[in-house]
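*Asks:* So for the sequence shown, UniProt numbering puts the first residue at 1; every next one is plus one. The structure's right below; bear with me while I get my questions together.
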Amino acid sequence: MANAIFQSATDAPTFGSSPRGRSLSITAFPPRSKSFSVKNPAFHQTGLNEALAEARKSLDEGGMPIGTILVHHVQGIVGRGHSQRIQSDCVIHHAEMICLQNVGRKPASFYRDCTLYTTLSPCSMCSGAIIFYGIPSVVIGDNKTIRGAEDYLKQNGIEVENMNSDECESLMKNFIDTHPDIWQEDNPQLIVTVSQNRRKSTKTHL
Ligand SMILES: [Zn+2]
């Protein structure tokens with residue numbers, strides 16, 4: 001199953017600077033021990049674009065526009081996922097969880113050489129999975145819509161970089177404006193949080 005998904009992932013939109021449709025460049029992410037750093041933004045827009053492609057897939061399916069990819073620092077993209085909370089009628093099917101599921105079963109050491117890219121600041125459930133498997137770095141597209149458990153990640157030694165992506169934020173804003181009831185389902189306080197964020201520019205934990 002994991003191999004099939006990996007194959008699918010490499011056939012999907014290309015990572016790195018090569019045109020879409022070509023095979024994944026495994027040199028897109030040098031080994032972490034050399035030049036890779038979550039602080040190096042050169043890699044991040046490419047990773048975020050791939051996560052955004054997943055978010056749009058979910059939207060096309062009638063789901064929430066949240067997408068995630070997992071990048072191994074040597075192997076490149078090893079997993080993709082998008083929110084399937086609506087599609088599969090399951091409250092734990094967040095994009096990050098689906099991505100990890102699609103990566104398949106790996107040894108713990110594998111995750112320590114990975115970075116997770118996700119379009120929306122991850123909630124405490126997904127952050128728990130990130131911490132549990134020791135993924136050392138997380139790149140976020142948008143934390144204005146909702147600020148997830150970023151402090152929880154940082155307290156556990158995980159590097160967190162927020163890209164402040166207007167595109168990620170816009171996808172969520174349009175979805176929430178159209179489907180406030182669905183957004184509110186995940187956490188009854190979210191609607192209040194979003195409106196407060198926009199009015200006061202304050203941030204709240206999920
Ligand atoms: Zn989540």
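Cβ atoms here follow ideal geometry from the backbone N, Cα and C, with glycine treated the same way.
Could you compute how far the alpha carbon of PRO136 sits from the alpha carbon of LYS144?
*Replies:* Cα-Cα distance, rounded: 23 angstroms.
*Asks:* Using the beta-carbon of each residue, find all residues closer than 6 angstroms to any heavy atom of ligand 1 and list them in chain order.
*Replies:* Residues flagged by the Cβ proximity filter: HIS94, GLU96, PRO122, CYS123, MET125, CYS126.
*Asks:* Quick check: the Cα distance between SER170 and LEU48, rounded to an integer number of angstroms?
*Replies:* Whole-angstrom Cα-Cα distance: 14 angstroms.
*Asks:* Could you say which of CYS168, VAL91, GLY76, VAL139 lies nearest to PHE110 if we only look at CA atoms?
*Replies:* Per the Cα distances, GLY76.
*Asks:* Jot down the residue ranges of each uninterrupted alpha helix (DSSP H) in the UniProt domain "CMP/dCMP-type deaminase" (42–160), minimum 4 residues, whole runs only, in chain order.
*Replies:* Taking only runs of at least 4 residues, the alpha helix (DSSP H) segments lying wholly in the UniProt domain "CMP/dCMP-type deaminase" (42–160) are 44–60, 95–103, 108–111, 124–132, 150–155.
*Asks:* Do the stretch 111–118 and the stretch 63–73 meet, that is, are 3 or more Cβ pairs less than 8 angstroms apart?
*Replies:* Short answer: they touch.
*Asks:* For ASP186, which residues of its own chain have a beta-carbon under 6 angstroms away from its beta-carbon, when the five flanking residues on both sides are left out?
*Replies:* So the list is empty, once near-sequence residues are dropped.
*Asks:* Roughly how far, in whole angstroms, is the beta-carbon of CYS126 from the beta-carbon of HIS82, given that I think they are within contact range, below 8 angstroms?
*Replies:* Contact doesn't hold; Cβ gap of about 13 angstroms is too wide.
*Asks:* Between the C-alpha atoms of GLY157 and SER58, what's the straight-line distance to the nearest angstrom?
*Replies:* Roughly 31 angstroms separates the two Cα atoms.
*Asks:* Considering only residues of the same chain and omitting the five flanking positions on each side of GLY62, which have a CB-CB separation below 8 angstroms?
*Replies:* For GLY62, where only same-chain residues beyond five positions count, the Cβ hits under 8 angstroms are ILE86, GLN87.
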